[in-house]
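**Q** One structure, as structure tokens, below. Some questions next.
Number of protein chains: 2
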Amino acid sequence: MRQRNKPWAEDMFAKNPNLVTASPSECKGKWNEVFGNTNPIHLEVGTGKGQFIIGMAKQNPDINFVGIELSASVMVSALEKLIEENITNVRLLNENAQDLTELFNENELNQIYLNFSDPWPKNRHEKRRLMYRSFLELYETVMKPECEVHFKTDNQGLFEYALHSFSNYGMVLHEVSLDLHNSDFEENIMTEYEEKFSAKGSRIYRCIAQFR
Amino acid sequence: MRQRNKPWAEDMFAKNPNLVTASPSECKGKWNEVFGNTNPIHLEVGTGKGQFIIGMAKQNPDINFVGIELSASVMVSALEKLIEENITNVRLLNENAQDLTELFNENELNQIYLNFSDPWPKNRHEKRRLMYRSFLELYETVMKPECEVHFKTDNQGLFEYALHSFSNYGMVLHEVSLDLHNSDFEENIMTEYEEKFSAKGSRIYRCIAQFR
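What follows is the structure, given as structure tokens:
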């Protein structure tokens, strides 16, 4: 997604240390202390403008949410929403998903969400897809045993790839939906992208992939 | 599929013992002798009127095909086509898929096709679906190690179920296509049902599930 550069983003992050964790690697193994409770911790990889994670945080006040987003200019929109809605069970990290094991201890997370991830459609970019084997290894490391990755996308090719990659890793697929918005999944929280593209008629695909 | 009763079907089977194997359990472990060669053997479960298996047999003369079909009145149409086209690498069995291990030895088959299988949509009928765990156990028994089940359907619910069941069994998914007729899979042989429903605009789903 091409975004306007927002030079004030970094300043705004620094002014909200209770919402944007500046040195997350120092929190590794101590995220329960950061949140001040022992609630489960769910991670969204690629939080974007934050509509999903904030909707989830409001729907699930007894769960802590961490959103990781590479683009500062995009993440600042999520921060603005957090401030506006006075949300306390979310932390944002302006980091790269490749560094997950520097940010979280083994078994520190309970669930991971991948929403409308970049499809990287060219074969030579396969390793950049967030369901590529090396990313699954990272997720398995930082999550407790038998935990789940919740994935949705409107990109048919990426969903087909993900089904292969998850099953090849030995994960079990649950709640596969090939048309989420015409399914009986009622608690769906939409991302900004999902609202826009489903309104244009795109099918939304979803599945849960569980480690074992 | 509701079919007219065809009382002459049994007679026609009996008159064509080179195409319809009357006592297939006697062939168990000897299918290479039945075909008179050592070519690989592929099985279609639910052959219907035979368009798929006959198309495959013509496309792949070095593979032997066995089609199993419970309904004699449906299978007789496949037999008529076999006779008309003078096909020699197909055998039809008017049998129940639940009896596979009485018909084939361990490791006797090289591939299995499930095409537009009955979806049995009610939860209480899950065990009748041809990708239910007990059927996968039968397929794994009669196939060589690491062999594949090739599955296609227009039924979204059945495909979603199949992805769960295959992955839960530990199988790896390959060539997942969520819109087969708009994919780059060029060697597709259509079933009668597939021709009819894809012409009406139904999406066709396909995947390969490999044992390991």
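Protein sequence lines, in the order shown, are assigned to chains A and B.
If you read the first sequence in our numbering, its first letter stands for residue 1, the second for the next number, and so on.
If you read the second sequence in our numbering, its first letter stands for residue 1001, the second for the next number, and so on.
For glycine and all other residues, C-beta sits at the position ideal for the given N, C-alpha and C.
Quick one: what's got a C-beta closer than 8 Å to B:I1054's C-beta in the same chain, skipping five residues either side?
**A** Non-local C-beta neighbours of B:I1054 in its own chain, meaning closer than 8 Å and more than five positions away in sequence, comprise A1078, K1081, L1082, E1085, I1087 and V1090, ordered along the chain.
**Q** So what does B:S1177 bridge to, in DSSP terms?
**A** Residue pairing by DSSP puts B:S1177 in a beta bridge opposite B:R1206.
**Q** Under 8 Å: do the region 1193-1210 of chain B and the region 1153-1161 of chain B share three or more Cβ pairs, one atom per stretch?
**A** Yes, the region 1193-1210 of chain B touches the region 1153-1161 of chain B.
**Q** Does DSSP put B:T1153 in a helix, a strand or coil?
**A** strand
**Q** Mapping DSSP to helix, strand and coil, what is A:Y113?
**A** Three-state DSSP puts A:Y113 in a strand.
**Q** Going by C-alpha to C-alpha distance, which of A:I63, A:Q51, A:G46 and A:T47 sits closest to A:G36?
**A** A:I63
**Q** Using a Cβ cut-off of 8 Å, pull out every chain B residue sitting near A:V76, in sequence order please.
**A** Per Cβ cutoff of 8 Å: no residues; A:V76 is ~35 Å from chain B at best.
**Q** Looking at chain A, is there any beta carbon in it that lies within less than 7 Å of the beta carbon of B:Q1210?
**A** So, not an interface residue.
**Q** Nearest to A:E44 by CA position, among A:V34, A:N110 and A:K28, is which residue?
**A** Residue A:N110 is the option with its Cα nearest to A:E44.
**Q** Just reading off the beta strand (DSSP E) that A:R91 is part of, what are its end residues?
**A** V90 to L93
**Q** Do you know how far the Cα of A:A14 is from the Cα of B:N1182?
**A** Taking the straight line joining both Cα atoms gives about 49 Å.
**Q** Distance cutoff 7 Å, beta carbons only. Does A:L178 sit that close to anything in chain B?
**A** So yes, A:L178 belongs to the interface.
**Q** Consider the Cβ of A:R2: report whether some Cβ of chain B lies at a distance smaller than 7 Å.
**A** Any reading at A:R2 must be qualified, since the residue scores a pLDDT of 47, below 50, and its modelled position is unreliable; the value itself is stated next. Not one chain B Cβ lies under 7 Å of A:R2.
**Q** Hey, B:P1024 and B:L1103 are a contact pair by Cβ (cut 8 Å); roughly how many whole angstroms apart?
**A** 5 Å
**Q** Answer yes or no: does any C-beta atom of chain B fall closer than 7 Å to that of A:P17?
**A** no
**Q** Select from B:G1170, B:E1175, B:L1158 and B:H1164 the residue whose C-alpha is nearest the C-alpha of A:H164.
**A** B:E1175
**Q** Verify the CB distance criterion: does B:L1163 have a CB-CB separation below 7 Å to chain A?
**A** yes
**Q** Output the distance between the C-alpha atoms of B:R1128 and A:G50, rounded to the nearest integer angstrom.
**A** 44 Å
**Q** Here's a check: name, in chain order, each residue in its chain whose Cβ is nearer than 7 Å to the Cβ of A:N5, leaving out the five neighbours to either side.
**A** S73
**Q** Does any CB atom of chain B fall closer than 7 Å to the CB of A:S167?
**A** yes
**Q** Under DSSP, the beta strand (DSSP E) around A:F65 begins and ends at which residues?
**A** N64 to I68
**Q** Please report how far the alpha carbon of A:D11 lies from the alpha carbon of A:H150, in whole angstroms.
**A** The alpha-carbon separation between A:D11 and A:H150 amounts to approximately 32 Å.
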